[in-house]
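Visitor: For reference, the structure I am asking about is given below.
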Amino acid sequence: MRRISRRGFFKVTAAGSSALAISSTKKAFGMKEFKGYPDSMGVLVDLTRCIGCRTCEAACNKEHGLPEPEIPFDDFSVFDQVFHDGKRKRRTSDSAYTVVNRYDDTSSGAPVYRKIQCNHCNEPACLTSCFVNAYTKTKEGAVIYNPDVCVGCRMCMVACPFRIPAYSYHSALHPQIIKCNFCYDTRLKKGKPPACVEACPQEALTFGHRKTLIKIAHERIRSDPDKYVDHVYGETEVGGTSWMYLSSVPFDQVGFDTSLQHHPILDNTKSFLGFVPMVLGIWPAMFMGFHLLSTRGKEETEKKVSENK
Amino acid sequence: MNKRKRLVLTGLIMASFLFVVPVFGASSEPPASILIDSLSYLYNGVNFDHEQHLEVTNDCSVCHHHCFGNGAENEQCAKCHANSNGTSSVACGDCHIQKPFTVQHIREMEANPKRYHLDMVGLKAAYHLRCLNCHVEMDAPTGCVDCHERTDTGNQFYHSGDYAPIGGGAGKVHE
Amino acid sequence: MNHLIVNKGYQPIDSLNNPDNGQKWSLWRKLLLGLSPSDYFRQVLRNPFNWVLGLIFAIGLPVIIYRYATGLGGVMHASYDYPWGLFLGFGLFCMVPLSASGFLLGTTVELFGHKKFKPILRLALLNGLLGYFFAVVYLLVDLGCPWRLYYPMFVSWGTAAVLFLVGWHVATYLSVQIMEVSEAFFEWVNWPTAKKFIHSGTIGLTVAGIILSTLHQGALGTLLCYAPGKVHPLWYSQEFLWIFYLCSSVFAGICMVIAVSTVVEKTMSWRCGSEFLDNLGPITIGLAKGATMALVTYLVIKIIGIIHDNEWAYLTTGWGTWFMLEIGLGVILPIILFSIGIRKNSVWLVRFTAFLTILGLMMNRLNTALITFNWDLYQEIPHPLEAVITVTIFALFITVYRFILYRLPILYTWKTVSEEELVSIADLDSTQTQQAAVLVDTAGKESLGPA
Chain A
87 MRRISRRGFF KVTAAGSSAL AISSTKKAFG MKEFKGYPDS MGVLVDLTRC
137 IGCRTCEAAC NKEHGLPEPE IPFDDFSVFD QVFHDGKRKR RTSDSAYTVV
187 NRYDDTSSGA PVYRKIQCNH CNEPACLTSC FVNAYTKTKE GAVIYNPDVC
237 VGCRMCMVAC PFRIPAYSYH SALHPQIIKC NFCYDTRLKK GKPPACVEAC
287 PQEALTFGHR KTLIKIAHER IRSDPDKYVD HVYGETEVGG TSWMYLSSVP
337 FDQVGFDTSL QHHPILDNTK SFLGFVPMVL GIWPAMFMGF HLLSTRGKEE
387 TEKKVSENK
Chain B
728 MNKRKRLVLT GLIMASFLFV VPVFGASSEP PASILIDSLS YLYNGVNFDH
778 EQHLEVTNDC SVCHHHCFGN GAENEQCAKC HANSNGTSSV ACGDCHIQKP
828 FTVQHIREME ANPKRYHLDM VGLKAAYHLR CLNCHVEMDA PTGCVDCHER
878 TDTGNQFYHS GDYAPIGGGA GKVHE
Chain C
37 MNHLIVNKGY QPIDSLNNPD NGQKWSLWRK LLLGLSPSDY FRQVLRNPFN
87 WVLGLIFAIG LPVIIYRYAT GLGGVMHASY DYPWGLFLGF GLFCMVPLSA
137 SGFLLGTTVE LFGHKKFKPI LRLALLNGLL GYFFAVVYLL VDLGCPWRLY
187 YPMFVSWGTA AVLFLVGWHV ATYLSVQIME VSEAFFEWVN WPTAKKFIHS
237 GTIGLTVAGI ILSTLHQGAL GTLLCYAPGK VHPLWYSQEF LWIFYLCSSV
287 FAGICMVIAV STVVEKTMSW RCGSEFLDNL GPITIGLAKG ATMALVTYLV
337 IKIIGIIHDN EWAYLTTGWG TWFMLEIGLG VILPIILFSI GIRKNSVWLV
387 RFTAFLTILG LMMNRLNTAL ITFNWDLYQE IPHPLEAVIT VTIFALFITV
437 YRFILYRLPI LYTWKTVSEE ELVSIADLDS TQTQQAAVLV DTAGKESLGP
487 A
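Protein chains in written order, with our numbering: chain A, 87 to 395; chain B, 728 to 902; chain C, 37 to 487.
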């Protein structure tokens, strides 16, 4: 039998156990699901109230010192802009944390306006896919980004089911992800509502605790069932988001992805990640077993051959 | 009648008006126009033609809802509020607060679910929702500057007017 | 080089000492393939392939500098909907499975004891090492902040992320592969102690290699599970995508070995030892058998994937046709051709099929990560400069590959002369030394080493 050298054995054990040590930190800390921090804030976006005045866009631009827009914020010709052969309306960009779009083809016949921004999910895909921990879900509910550790792999942009994060591609030395941060540094931390919420003249944006907002949303639907579609978008989508929506028309008519799963994106990787420590535990013994089984016969034959000489 | 008696009679009649007018003052003499400017910042105040709106609505409670104790339209509300009293004031700002999303107000709302059982908007939204919903139905003006002019701060805010980007701004509006 | 061999009787270096004078080759000489600098330079210029490489570098290297000078926006569409392009689509997603040869042949030879494949083992290991190394090079071009490449190692850990696993495993596996290939390096520079040290850990390294490879080949597939709605359902599978990627890496690695060995046999047979060349035919057929089994398995599990998610309806769509083309050309046709080739012992059919399989694998990876990504949104073709950079780095990969193959004992066996023999040669008087030198010199040709 071919003997494994002591060195070889230690190397296998070292490799296996160090890999195991790394992998054990990859498990989701035993927690099966995270339903959001209990005092997490949120915003309820009531599309029946939005009139497309774009004051929220202007407020956001001012609050964060974003670049001057190409077109004034009170110019509504932006609603006619389409890209990529008409398949895409405006989206968030490296100079706009939020945009408002108009949807004309609705079942009510009237145009419906929708404000788009980061939804600050409970278990964000961006956060869970980031391998340098650049995102944090604060207890106030904001999902914030740290540009000082970001490597620029753009995995978060692939992962976000709402296609929100933008990237400053044209910066050679300081490229970073650009997205709404719930006005965390300037307002949320101090208990103030975000700039867009404060600016909205119609209070299409209602700020409060996420749990309360869900109650308010269902109460609005209950009080006026003809006015609203009986669904609060973001209540359960991808595990629940802090920014939720009410609409007067079916959500897929106003640009929402209604095929999204109702559990966090992270769950999609758990079946593989759970298998990782199993491989680390089983593979060494299994392949050493294969090795011993397949080489045993050959060594015996070799011994016989040398004996017969 | 002699001159002195005529004077006393006129005086008595005039004095009676002093008592009459204040009693019916609240419902009989609404101001013809009001300057609504408690929130003016991006826009100047609204020169509100109260008299015209009274003619059009012919019912104070169309705008000053929940103020006159004249029952509830919504059948959900009427279950409890069919016989509720009116309020001592009809000013919008006495119920709809200017800053509805402060920590204190949110806490107060959540602590008093019976008092705040229907989410009530702040003052700015109260104006806009009540005014614009009707204006849309009645084909009345709905543009922002139709009711209130932009201030200079407002033009800066919207990057509009004198502050409009010349030849396109630095940022991209689209992808 | 062929010109030198035929006309000038050049003999490639394959041992510690210069056979003409019994002296050790210097490192500088070894680097220059035993030629004088002017001869070396002349043979570089004579080779038309080097002109092609030169042209690629002349165009590509300035573009790469431009990428770093102006940021990614200069060479990509700066798309927020399509954050990944060819650098990751080809450089990472294609090159990593094609570099699976290292752990595959390592396991076959060292763990399963199939010594028949030993002559090709080092080539497979080198293929694996260079493939992963250049995958990292592609990553350095793609990352927004490449100077922070080490951040997931030492600065900030996002341990729930699949990329975290990929990063750590690629780094660890690269180390494992460096150690495995270093045996050849230590032979070449004559550090026998170092070589022995590495050799003693071969089993450990091989087992570590297969653990790490199983996991990160699978992890690359799991990366796409972060975007379930964005990848077309026929290519996506929440439960099985990682198994698809792992299984396809098996035949991809094997076919890459066949492909590279074909290129090597045709373009640098002067560098190949007899062990390599004589056994290459049977080895190729043997490899093809392994590849066929993996391909059949892959076909079965792909069908299971369709059944599991009930995706039959998609097959009738345009995307479905594309899917069937990929499976047809990349899986079914190779199964058929390999089977015929193996039965008829036709090395050339097997080789052709290996190239076809590689194309099929690339199709699959590019489809999953790039082409069917955002399938219900709009299609975007990568920026032309992305293609330029991708080709340039691949040309660099080939250049480095060739550089190492010309020198290190990968394709040939390094002859080591024992110390006793060295002493005995030195003891002979000058005429006897010359006679001994003639005997050592295999074909009596004039050599180009120092007189």
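In this text, a Cβ means the ideal position worked out from N, Cα and C, and glycines have one as well.
Predicted model, so just to flag it, every value in this text is computed and none were measured.
Run through chain A and tell me which residues come within less than 9 Å of D117(C), C-beta to C-beta.
Guide: Locating residue 117(C) in the third sequence gives position 81, counting from the first residue. Going along chain A in sequence order, the residues near D117(C) (Cβ under 9 Å) are H170, R174, R177, M243 and R249.
Visitor: Within 8 Å (strictly less), CB to CB, does V311(C) reach chain A?
Guide: If you number the third sequence from 1, residue 311(C) lands on position 275. The question names Val, but residue 311(C) in the sequence shown is Glu. No, its Cβ sits nowhere closer than 8 Å to a Cβ of chain A.
Visitor: Take the Cβ of S273(C) as the centre, count every other Cβ of all protein chains shown within 10 Å, and call the residue buried at 16 or more, exposed below.
Guide: Position 237 of the third sequence, counting from 1, holds the residue named residue 273(C). That one is buried.
Visitor: Where do the N-terminal and C-terminal ends of the alpha helix (DSSP H) with F77(C) fall, by residue?
Guide: Numbered from 1 along the third sequence, position 41 holds the residue referred to as residue 77(C). Element bounds for F77(C): P73 to R82.
Visitor: Using a Cβ-Cβ cut-off of less than 9 Å, list which residues of the segment 309-335 of chain A approach chain B; keep chain order.
Guide: Residues S309 and D310.
Visitor: For chain C, is any of its Cβ atoms less than 8 Å away from the one on G341(A)?
Guide: Sequence index remark: in the first sequence, residue 341(A) carries index 255 (1-based). With 8 Å as the cut-off, G341(A) does not count as an interface residue toward chain C.
Visitor: G127(C) and T426(C): beta carbons closer than 8 Å?
Guide: Mapped onto the third sequence, residue 127(C) falls at position 91. Mapped onto the third sequence, residue 426(C) falls at position 390. For G127(C) and T426(C), yes; Cβs fall inside 8 Å.
Visitor: List the residues of chain A whose Cβ lies closer than 9 Å to the Cβ of P892(B), in chain order.
Guide: The sequence position of residue 892(B) within the second sequence is 165, counting from 1. Those are E154, P155, E156, I157 and P158, listed as they occur along chain A.
Visitor: Beta-carbon of A144(A) versus every beta-carbon of chain B: anything under 8 Å?
Guide: Start at 1 with the first residue of the first sequence, and residue 144(A) comes out as number 58. Closer than 8 Å to some Cβ of chain B, the Cβ of A144(A) qualifies, so yes.
Visitor: Examine chain A for any beta-carbon lying closer than 8 Å to the beta-carbon of F884(B), and answer yes or no.
Guide: The residue you call residue 884(B) lines up with position 157 of the second sequence. Yes, F884(B) lies at the interface with chain A (some Cβ there is under 8 Å from its Cβ).
Visitor: Does chain A have any CB closer than 8 Å to the CB of M131(C)?
Guide: As a first step, residue 131(C) is located in the third sequence; it is residue number 95 there, counting from the start. No, M131(C) does not count as interfacial toward chain A.
Visitor: Answer with buried or exposed for I294(C), where buried requires no fewer than 16 other C-beta atoms within 10 angstroms of its C-beta.
Guide: In the third sequence, the residue the question calls residue 294(C) occupies position 258. Buried is the call here.
Visitor: So R240(A) contacts chain C; which residues on that side make the cut at Cβ distance below 8 Å?
Guide: Taking the first sequence and counting its residues from 1, one reaches residue 240(A) at position 154. Near R240(A) (Cβ distances below 8 Å), the residues of chain C are P119, W120 and G180.
Visitor: List, in chain order, every chain B residue whose beta-carbon is nearer than 8 Å to that of K275(A).
Guide: Here residue 275(A) corresponds to residue number 189 of the first sequence, with the count starting at 1. Near K275(A) there are no residues of chain B at all, since even the closest Cβ is about 12 Å away, more than 8 Å.
Visitor: Between the segment 163-174 of chain A and the segment 402-416 of chain C, do three or more beta carbon pairs fall short of 8 Å?
Guide: Verdict: yes, contact present.
Visitor: Could you tell me if Q59(C) is buried or exposed, where buried requires 16 or more neighbouring beta carbons within 10 angstroms of its beta carbon?
Guide: Translated into the one-based positions of the third sequence, residue 59(C) becomes position 23. Exposed: under 16 other Cβ atoms inside 10 Å.
Visitor: Spell out whether any CB of chain A is found under 8 Å from the CB atom of D873(B).
Guide: For the purposes of this step, residue 873(B) is taken as the residue at position 146 of the second sequence. Closer than 8 Å: no.
Visitor: So, with DSSP's three-state summary, where would you put F293(A)?
Guide: Residue 293(A) sits at position 207 when you count from the first residue of the first sequence. Strand.
Visitor: Within the same chain, show all residues whose beta-carbon is closer than 6 Å to that of A255(C), passing over the 5 residues directly before and after it, in chain order.
Guide: Looking up residue 255(C) in the third sequence gives position 219. Only V198, L201 and V202 meet the Cβ criterion.
Visitor: By DSSP, does V186(A) sit in helix, in strand, or in coil?
Guide: Position 100 of the first sequence, counted from the start, is the residue given in the question as residue 186(A). It is a strand residue.
Visitor: Quick check on F170(C): buried or exposed, where buried means 16 or more other Cβ atoms within 10 Å of its Cβ?
Guide: Locating residue 170(C) in the third sequence gives position 134, counting from the first residue. The residue in question, F170(C), is buried, as its Cβ has 16 or more Cβ neighbours within 10 Å.
Visitor: Any beta carbon from chain C within less than 8 Å of P350(A)'s own beta carbon?
Guide: Taking the first sequence and counting its residues from 1, one reaches residue 350(A) at position 264. P350(A) does not count as touching chain C.
Visitor: Round the Cβ separation of T495(C) and W355(C) to the nearest angstrom and send it over; I've been treating them as touching at under 8 Å.
Guide: The requested residue 495(C) does not occur in the structure, where chain C is confined to residues 37 to 487.
Visitor: Using a Cβ-Cβ distance under 8 Å, would A114(A) count as near chain C?
Guide: Counting from one through the first sequence, the residue named residue 114(A) turns up at place 28. Since pLDDT at A114(A) reaches only 44, below the 50 mark, its modelled position is unreliable, and the value read off the structure follows with that caveat. Yes, its Cβ sits closer than 8 Å to a Cβ of chain C.
Visitor: Just to make sure I have the definition right: I need the residues of chain A whose C-beta is within less than 7 Å of the C-beta of H855(B). Which are they?
Guide: The residue given as residue 855(B) occupies position 128 in the second sequence. Going along chain A in sequence order, the residues near H855(B) (Cβ under 7 Å) are P287 and Q288.
Visitor: CA-CA distance, R176(A) and A94(C)?
Guide: On the first sequence, residue 176(A) is found 90 positions in, with the first residue counted as 1. On the third sequence, residue 94(C) is found 58 positions in, with the first residue counted as 1. Their Cα atoms are separated by approximately 40 Å.
Visitor: In angstroms, rounded to a whole number, what distance separates the CA positions of A431(C) and I92(C)?
Guide: One-based indexing of the third sequence puts residue 431(C) at position 395. One-based indexing of the third sequence puts residue 92(C) at position 56. When rounded, the distance between both Cα atoms is 7 Å.
Visitor: Would you please verify whether the beta carbon of E401(A) is less than 8 Å from any beta carbon of chain B?
Guide: Because chain A in this structure spans residues 87 to 395, residue 401(A) falls outside the shown range and cannot be described.
Visitor: Applying the 10 Å Cβ sphere with the 16-neighbour rule, what's the burial state of A114(C)?
Guide: Sequence index remark: in the third sequence, residue 114(C) carries index 78 (1-based). Its Cβ being crowded by 16 or more others within 10 Å, A114(C) is buried.
Visitor: Less than 8 Å between the C-beta atoms of V318(A) and H304(A), yes or no?
Guide: Position 232 of the first sequence, counted from the first residue, corresponds to residue 318(A). Position 218 of the first sequence, counted from the first residue, corresponds to residue 304(A). Yes, they are a contact pair.
Visitor: How many Å lie between I263(A) and G245(C) at the Cα?
Guide: For this step, residue 263(A) is matched to residue 177 along the first sequence. For this step, residue 245(C) is matched to residue 209 along the third sequence. Each residue's alpha carbon lies about 35 Å from the other.
Visitor: Check the Cβ of T292(A) against every Cβ in chain B and list those closer than 7 Å, keeping chain order.
Guide: Position 206 of the first sequence holds residue 292(A). Residues of chain B passing the Cβ test: D846.
Visitor: So, is C239(A) buried or exposed, given that buried needs 16 or more other C-beta atoms within 10 angstroms?
Guide: Here residue 239(A) corresponds to residue number 153 of the first sequence, with the count starting at 1. Buried is the call here.
Visitor: What's the gap between the Cα of L68(C) and the Cα of Y76(C)?
Guide: Within the third sequence, residue 68(C) is the residue found at index 32, counting from 1. Within the third sequence, residue 76(C) is the residue found at index 40, counting from 1. Distance between the alpha carbons of L68(C) and Y76(C) is about 6 Å.
Visitor: Would you list the residues sitting across from R877(B) in a DSSP beta bridge?
Guide: Locating residue 877(B) in the second sequence gives position 150, where the first residue counts as 1. Y770(B).
Visitor: Three or more C-beta pairs closer than 8 Å, one from the segment 163-182 of chain C and one from the segment 330-340 of chain C: is that the case here?
Guide: No, because fewer than three Cβ pairs between the segment 163-182 of chain C and the segment 330-340 of chain C fall closer than 8 Å, the two stretches do not touch.
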